[in-house]
Structures are given as structure tokens and as C-alpha cells.
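Okay, structure first, notes after.
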Amino acid sequence: MADHDKDPAAAAHELRELDPLSLSLDTTPRYSWLLNHVLGELDGTWADACERQQRIAALPDASPTIHRNHAIAALYAGQPLQAWHAQARFMAASGASETEAQAVIRLGVLQHSPDRESSGENFLSALRGALEQIKQWNGPNAVAAMLGAALNNVVSGWMNHAAEPSAPINDVMQEAAVRCQAMWQAGGTWVNAERACYLRALVANHLGHWTQARDAAAEGLKLIDSHGEEDVDRAFLLLELARAHGGLSQATQQQQARETAVALAQAFSEPGLREWFDSKLVGA
0 MADHDKDPAA
10 AAHELRELDP
20 LSLSLDTTPR
30 YSWLLNHVLG
40 ELDGTWADAC
50 ERQQRIAALP
60 DASPTIHRNH
70 AIAALYAGQP
80 LQAWHAQARF
90 MAASGASETE
100 AQAVIRLGVL
110 QHSPDRESSG
120 ENFLSALRGA
130 LEQIKQWNGP
140 NAVAAMLGAA
150 LNNVVSGWMN
160 HAAEPSAPIN
170 DVMQEAAVRC
180 QAMWQAGGTW
190 VNAERACYLR
200 ALVANHLGHW
210 TQARDAAAEG
220 LKLIDSHGEE
230 DVDRAFLLLE
240 LARAHGGLSQ
250 ATQQQQARET
260 AVALAQAFSE
270 PGLREWFDSK
280 LVGA
């Protein structure tokens with residue numbers, strides 16, 4: 000498929016040409032997510048996304064992820080009755096309570112919202128509400144993993160377009176990053192947990208909380224050391240560690256972390272990855 004962020008029109012065309020019945024069961028959730036991201040968020044055709052979500056939600060053994068994505072698309076398409084039905088099917092398939100399902104769908108809506116870039120008051124109010132709903136988590140692990148992924152997307156989207164820090168936004172985004180880690184620790188993999196550490200380090204560095212950023216990056220690196228080789232993630236964590244050391248006026252540690260990150264990046268082969276790394280290198 001075309002790079003959906005660089006060429007959303009081409010990606011949308013490919014999605015419309017794809018027969019979902021030709022997909023394997025394990026690739027259908029990814030297709031479902033792309034319907035919302037590409038057709039809905041990037042192309043602005045939420046009615047089309049909703050119609051296609053409805054089709055795959057009717058397939059035998061449709062996963063909870065598909066029902067969640069169907070509910071999100073239905074809300075954006077102005078189909079609340081369809082959204083409520085999809086929420087009920089999500090609850091039945093996942094074992095989530097009504098409050099847990101509402102939080103999952105709310106965060107799913109927020110991760111596709113154009114308002115996440117400006118962090119307007121309506122967006123922040125909705126995010127605060129979702130965070131309150133999952134403050135004491137006792138739900139299914141698979142649902143926790145969904146929440147972690149949605150929170151990661153919400154905070155990452157804000158970070159990619161973040162303006163100057165302001166107190167209301169700072170508090171909410173810090174809490175969202177912390178809750179992302181808690182959700183991924185409950186239901187994700189160790190790689191998810193490590194990437195939540197990276198998210199916390201990103202947010203803390205953006206806000207000038209250098210000690211918090213250093214500790215979060217170090218925690219992520221420790222997870223990699225304990226579990227396996229993740230040189231790409233290690234390189235990006237080292238950049239945030241270097242940035243934090245710079246903020247703490249620890250020049251020697253900053254240089255060491257930066258040089259190790261750059262050395263790891265020499266082996267990057269995935270298209271666009273080195274360019275992304277180099278963009279993050281500025282100021283580290």
C-alpha cells in the first residue's frame with residue numbers, strides 16, 4: 000500500500016479497491032484501522048469509512064477491534080444508533096463494561112481528531128473524561144492494550160504539532176503518557192511498555208522536565224537490555240536521554256548518549272527512518 004501519510008489519496012484508492020473478504024483474519028483489524036485513519040481522518044470521507052466498517056463488522060468472528068473502529072466511524076459519520084450497536088457488540092466480544100467501552104471508543108475518536116493538534120478545550124475536556132474513566136483499571140488485558148495504543152496515538156499526534164507548553168495541556172498530556180504506560184503494562188508487550196517510556200521521555204523533555212525525561216528514557220533502555228535487541232527503539236531513547244542530560248547540564252553524558260544513538264542509526268535501512276531520526280537529532 001502507498002505510504003498513507005505521504006500520499007493519502009493513493010492509499011485511499013487502494014483501500015477502496017481492496018476486497019476485505021480476501022484478507023486473512025489476522026490482517027482484518029489492520030485494514031479496519033486504516034479505513035478510519037485514511038478514509039476518515041486523512042480523506043475526510045467518514046461515511047465511506049463507516050459503510051466499509053459495517054461490512055467487515057458483519058463478518059463471522061469479527062474482532063473487538065473491528066467493532067471499536069466501527070463505533071468510531073459511525074460517530075464521525077453522524078450515525079449514533081449504529082455507533083451504540085457497535086459499542087454493544089464490542090462489549091460482548093471483549094468482555095468490557097459499558098464504562099470501559101465508552102473510554103475505548105472516546106479515545107479512539109480522539110486519536111483521529113484534527114483538534115488533537117491544537118489541543119482545543121473541547122478536545123482536552125474529552126481527554127480528561129477518558130482518563131478519569133480508566134483511572135482505576137480492572138478491565139480485560141486486551142482492552143487495556145487498545146487503550147494504550149490509542150493514548151500513544153493521541154499524545155504522539157499532539158507532540159508532532161505541539162506549540163509552546165501551557166499548564167492545562169501540560170498536565171493532561173503528562174497524565175495521558177503515564178496512563179499509556181499503565182495500560183500497556185497491563186495488557187501489552189514489553190516493547191509496548193518500553194515505547195510508553197519513550198513517550199513519557201518525549202513529553203517530559205518537551206516540557207523541560209529534564210529529570211523525569213532522563214529517568215523515563217533510562218527505564219526504557221533498561222527494558223530493552225532485559226528483553227532483547229531493539230536497536231531502532233534504543234537509538235530514539237538514547238536521543239531523548241541525551242536531550243535530558245543536556246537540559247541538566249551534564250555534557251559528558253549527553254555526548255555519550257548522542258554518539259551511541261548516531262552510531263546505531265548508521266544501520267537503519269527502513270525508508271524514511273533515518274530522516275526521521277535526523278529530524279529528532281536536532282537539539283539532542
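Heads up: the sequence shown begins at 0 in numbering that gives the first Met the number 0, then just goes up one per residue. Ideal Cβ placement from N, Cα and C applies to all residues, glycine included. A quick note: this is a predicted structure, and the numbers were derived from the prediction, not measured.
Cβ shell of residue i (< 7 Å), same chain only, five flanking positions each side left out
i	result
Ala125	Arg105, Leu109
Ala217	Leu240
Val37	His3, Pro7, Ala10, Ala11, Leu14
Gln152	Sequence inspection shows Asn at residue 152; the Gln mentioned does not correspond to that position. So the list reads Gln110, once near-sequence residues are dropped.
Met0	Caution applies to Met0, whose pLDDT of 48 falls short of 50 and renders its modelled position unreliable; the model cannot decide the point.
Trp189	Leu222, His226
Proximity of residue i and residue j at Cβ, strictly below 9 Å
i	j	result
Ala192	Trp136	no
Gly147	Gln173	no
Ala92	Gln81	no
Asp60	Leu24	yes
Met287	Gly107	As displayed, the chain neither begins before 0 nor continues past 283, which places residue 287 out of reach and without an answer.
Ala283	Arg257	yes
Ser155	Leu206	no
Ile65	Gln52	yes
Leu123	Ile71	no
Arg29	Ala56	no
Asp224	Leu263	no
Own chain, CB closer than 6 Å to residue i, minus 5 neighbours either side, in chain order
i	result
Ala76	Trp45, Ala46, Cys49
Ala129	Ala102, Arg105, Leu106
Ala149	Leu106, Gly107, Gln110
Thr210	none
Cys313	Residue 313 is absent from the model: the chain starts at 0 and stops at 283.
DSSP three-state assignment for residue i, whether helix, strand or coil
i	result
Leu247	coil
Ser62	coil
Asp18	coil
Gln265	coil
Thr210	helix
Asp224	helix
Glu229	coil
Gln78	coil
His160	coil
Same chain only: Cβ atoms within 8 Å of residue i, ignoring 5 sequence neighbours per side
i	result
Asp42	Pro7, Ala8, Ala11
Asp232	Val190, Glu193, Arg194, Tyr197, Gly219, Ile223
Any contact between the region 262-281 and the region 228-239? By contact I mean 3 or more CB pairs, one from each, below 8 Å. yes
Beta strand (DSSP E) runs contained entirely in the region 106-150, provided each spans 3 or more residues: none
Sequence ranges, alpha helix (DSSP H) only - wholly within the region 24-68, length at least 4: 27-33, 45-56
Are at least three pairs of beta-carbons, each pair with one atom in the region 217-227 and one in the region 258-265, less than 8 Å apart? no
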